[in-house]
């Protein structure tokens, strides 16, 4: 399966990518003229806590859970074992037109969690419609699921709950009393979840050496009793909330 978004020429905040046509996506196809743009954002090269230190690349163990608890980094892919070429992970979906990490912190898979929070709502005419929580991102203005990156040593389910609290419920800016109330609401909703998707994400930030993967889970409030009590606000990367 070809990836298209990951091959877009324009890279957010960075240089243009090398153009990759549909018939040259797979690394198994010989293409000696391929000259991908080499780019890693300065914010990543500054060695923040969430990013790999390129100077310690030789110490990284790919395709496994790497490091020591509680700061282990999951470098295994949901799609199976990926190749290591010249000491660097190779994007399992093929060429993107860019090498390096771009805006992503980790070489190889960068894991995210996407909670799809839904409920049924009954309209005045008696019709039932399905509502889903979305956020409007500050960086691009597009509507998205309130998800985000899985922190080192963090379980996917916990990351999904945390991201929902930060982005949809504005947990970051709440006072102590507000945070307690929010956490109780989220705990109630997130007791049970159904996995919808797990694997590679065709993301514009992907490069030949770093890519996004996610686990999307549905947390459904069948009666609306829990979700109906939420006061949605915008936090984290969100500029607005919608139900």
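Residue numbers (the working numbering): 7 to 249. Don't be surprised by glycine CBs; every beta carbon is placed ideally from N, CA and C.
Residue i (DSSP reduced to helix, strand or coil)
| i | result |
| --- | --- |
| residue 14 | coil |
| residue 148 | coil |
| residue 156 | coil |
| residue 161 | coil |
| residue 230 | coil |
| residue 211 | coil |
| residue 181 | coil |
Which residues DSSP lists as bridging residue i, in chain order
| i | result |
| --- | --- |
| residue 224 | 122, 200 |
| residue 251 | A query on residue 251 cannot be resolved here, the shown segment of the chain reaching from 7 to 249 and no further. |
| residue 186 | The partner list for residue 186 (beta bridge, DSSP) is empty, contrary to what the question assumes. |
| residue 134 | 128 |
| residue 91 | 94 |
Residue environment, residue i, which counts as buried when at least 16 other CB atoms sit within 10 Å
| i | result |
| --- | --- |
| residue 109 | buried |
| residue 195 | buried |
| residue 122 | buried |
| residue 15 | exposed |
| residue 149 | exposed |
| residue 177 | Because the pLDDT of residue 177 is 47, which lies under 50, any placement of that residue in the model is unreliable, and the question is left without a value. |
| residue 71 | exposed |
| residue 86 | exposed |
| residue 66 | buried |
| residue 198 | exposed |
| residue 134 | exposed |
| residue 244 | Because residue 244 sits at a pLDDT of 45, beneath the cut-off of 50, its placement in the model cannot be relied upon, and the following sentence gives the value as read from the coordinates. It counts as buried. |
| residue 105 | buried |
From the options, residue whose alpha carbon lies closest to that of residue i
| i | options | result |
| --- | --- | --- |
| residue 222 | 130, 54, 163 | 163 |
| residue 215 | 53, 92, 19 | 92 |
| residue 115 | 148, 186, 207 | 207 |
| residue 82 | 204, 224, 226, 127 | 204 |
| residue 102 | 183, 30, 197 | 30 |
| residue 62 | 112, 35, 105 | 112 |
| residue 40 | 26, 80, 48, 46 | 26 |
| residue 125 | 34, 119, 230 | 230 |
| residue 160 | 189, 118, 193 | 118 |
| residue 96 | 47, 53, 32 | 32 |
| residue 43 | 84, 220, 212, 53 | 212 |
| residue 99 | 228, 10, 190 | 10 |
| residue 152 | 129, 75, 120, 158 | 120 |
| residue 154 | 228, 136, 209, 189 | 209 |
| residue 169 | 140, 60, 52, 183 | 140 |
Contact with chain C by residue i, beta-carbon distance below 8 Å
| i | result |
| --- | --- |
| residue 137 | The chain inventory of the structure shown lacks chain C, comprising one protein chain alone. |
3 or more residues per run - each beta strand (DSSP E) lying fully within the segment 99-127: You should have 104-108.
Ordered list of beta strand (DSSP E) runs contained in the segment 23-87, each at least 3 residues: 43-46
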